[in-house]
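Trainee: Let me begin by handing over the structure; questions about it come next.
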Amino acid sequence: MSATPGTATRDALWQLDIGEPVLAVNALPDKVVIGGSEGAVVVADTSGHEQRRLVLDDFLLAMAANPDGTRLAVGGAQRLMIFDLTDGSVIADLPHQWCSCLAWATKSGGLAANDGRSVRVYAADGRPHWTSAPLQSTVAGLAWMRADGRRLAAAAYQGVTIFEPDSDRTVARLPAPGAIAGIAISPNGRWVVGGSQDATLHGWNVRDGSDFQMSGFPKLVSQLAFESSGRWMCCDGGDTVVCWDFSGSGPTGREGLLAEGHRDDVTAVVWVPTTASAPILVSGDAAGGIALWRLGPSTRPGGRIRPFWTTATGDPVGAISADGERIFSGHRSGAARCFTSQPHAQTVNQPQADEAASNERCHGT
């Protein structure tokens, strides 16, 4: 562990330097896994003590631990590796092209990974199970539709394709203009949402096939996540996090809830796992700011909220993960930092956005 003099990291519980920019962080019950841009993967305990280093021997593009924390998949420009996190051994080392999307199925334990334009599904031990036909472009997002691992959504140019790997079927094609960047699926599998190349969100109601768009973003949207109840989905929107209400009939006709307080573009978002009625969102930005937001039962679409806690590290955030007690952030300098997810500090006062930006709301159509 090390501390960096002169930076506002006094709120951090600990800091660990992995020696290269951090692109991925996975929080697990008894450990945290930190992935660097050059392929270094560091496993540390929740106190910040390094336990072991794993080597991808490739540029790191994606990293994902399975639900029980015993397996780790790491994707690179030319390979996919699966590690046993209990001892650090290599379970599988597979040739893959631009493996930037990974998704574990909660119940079946299967791993979905893109191989360029195709999607492959593997068993937990690395045995190949299924391969899709090539999509229109390199896959830009992967997510299982539900925990049972029966259906899988893949985003690419001109929309999202839903597969059923066990029966080797294409269940649905959800069309969209342009390219999709990133994908999020509601916990009940009803809603599929992707960031679009034209600075909008494009979404679909899988049950009836209807689609919708959310517009008003200043640039491409690529960070999307649903909270565990499925009511709120957040996404990046320049220096603002936008939260959409998917309760009832969904977001159509509703304005976004604006979470304002960042000083630079939002680069990472994650929900803190919780069973409470007031979900907590964590976001990081390109200036190194980290903010916590609480969405209470009375929170409504079309409003604005401020963070209840912030810190300014001065070190651009590349990744964020959280468990029920801690937040782990990865930074461009190679530092990984740990904070409590329920700090008692007061909100840091930050200047409001300029009036023109404040008056421009994102909205669903």
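Quick note: to get my numbering, add 778 to the position in the sequence shown (first position is 1). Note that the Cβ used here is the ideal one computed from N, Cα and C, for glycine as well. This structure is a prediction, so every number in the text was calculated from the model and none was measured.
(1) Suppose only complete runs of 3+ residues qualify. What are the beta strand (DSSP E) ranges in the region 1039–1105, listed by chain order?
(2) Taking all protein chains shown into account, decide if residue 931 is buried (16 or more other Cβ within 10 angstroms of its Cβ) or exposed.
(3) Given residue 1130, which residues of its chain have a CB within under 6 angstroms of its CB, disregarding the five upstream and five downstream residues?
(4) Mark residue 854 as exposed unless 16 or more other C-beta atoms lie within 10 angstroms of its C-beta, in which case mark it buried.
(5) If you reduce the DSSP assignment to three classes, tell me which class residue 946 lands in.
(6) Give me the Cα-Cα distance between residue 846 and residue 1037, rounded to the nearest whole angstrom.
(7) Report the partner residues of residue 957 according to the DSSP bridge assignment.
(8) By DSSP, does residue 1117 sit in helix, in strand, or in coil?
(9) With DSSP as the reference, please indicate the residues paired to residue 849 in a beta bridge.
(10) Express the C-alpha separation of residue 799 and residue 933 in angstroms, rounding to a whole number.
(11) Among 1091, 1079, 1050, 997, which residue has its Cα nearest to the Cα of residue 1066?
(12) Do residue 1047 and residue 1035 count as a contact pair if the criterion is CB distance below 8 angstroms?
(13) When you compare the CB positions of residue 1039 and residue 1084, do they come within less than 8 angstroms of one another, or not?
(14) Assign residue 911 to one of two classes, buried (16 or more other C-beta atoms within 10 Å of its C-beta) or exposed (fewer than that).
(15) Which of the three DSSP states, helix, strand or coil, is assigned to residue 890?
Mentor: Judging by the given coordinates:
(1) Those beta strand (DSSP E) runs which fall completely within the region 1039–1105 and span 3+ residues are 1044–1049, 1058–1063, 1067–1072, 1087–1090, 1095–1100.
(2) The residue labelled residue 931 in the question sits at position 153 within the sequence shown. By the Cβ neighbour-count rule, residue 931 is buried, with 16 or more other Cβ atoms within 10 Å of its own.
(3) Taking the first residue of the sequence shown as position 1, residue 1130 is located at position 352. Low confidence applies to residue 1130: its pLDDT is 34, below 50, so where it sits in the model is not reliable, and the reading given next is rough at best. Nothing meets the Cβ criterion.
(4) For the purposes of this step, residue 854 is taken as the residue at position 76 of the sequence shown. With 16 or more other Cβ atoms inside 10 Å of its own Cβ, residue 854 counts as buried.
(5) Working through the sequence shown from its first residue, we reach residue 946 at position 168. Residue state, collapsed to three classes: coil.
(6) Here residue 846 refers to the residue found at position 68 of the sequence shown. Here residue 1037 refers to the residue found at position 259 of the sequence shown. Per the coordinates, the alpha-carbon of residue 846 lies some 32 angstroms from the alpha-carbon of residue 1037.
(7) Translated into the one-based positions of the sequence shown, residue 957 becomes position 179. DSSP output for residue 957 lists 935 as bridge partner(s).
(8) If you number the sequence shown from 1, residue 1117 lands on position 339. Strand.
(9) If you number the sequence shown from 1, residue 849 lands on position 71. 862, per the DSSP bridge assignment.
(10) Position 155 of the sequence shown, counting from 1, holds the residue named residue 933. Position 21 of the sequence shown, counting from 1, holds the residue named residue 799. Spanning the two alpha carbons is a distance of roughly 27 angstroms.
(11) The count along the sequence shown starts at 1 and reaches residue 1066 at position 288. Measuring C-alpha to C-alpha distances from residue 1066 to each of 1091, 1079, 1050, 997 identifies 1091 as the nearest.
(12) Working through the sequence shown from its first residue, we reach residue 1035 at position 257. Working through the sequence shown from its first residue, we reach residue 1047 at position 269. With a cutoff of 8 angstroms on beta-carbon distance, residue 1035 and residue 1047 are scored as not near each other.
(13) Within the sequence shown, residue 1039 is the residue found at index 261, counting from 1. Within the sequence shown, residue 1084 is the residue found at index 306, counting from 1. Result yes, Cβ atoms of residue 1039 and residue 1084 sit closer than 8 angstroms.
(14) Looking up residue 911 in the sequence shown gives position 133. In summary, residue 911 is exposed, with fewer than 16 beta-carbon neighbours lying within 10 Å of its beta-carbon over all protein chains present.
(15) Taking the sequence shown and counting its residues from 1, the one referred to as residue 890 is at position 112. In this structure, residue 890 counts as strand in the three-state DSSP scheme.
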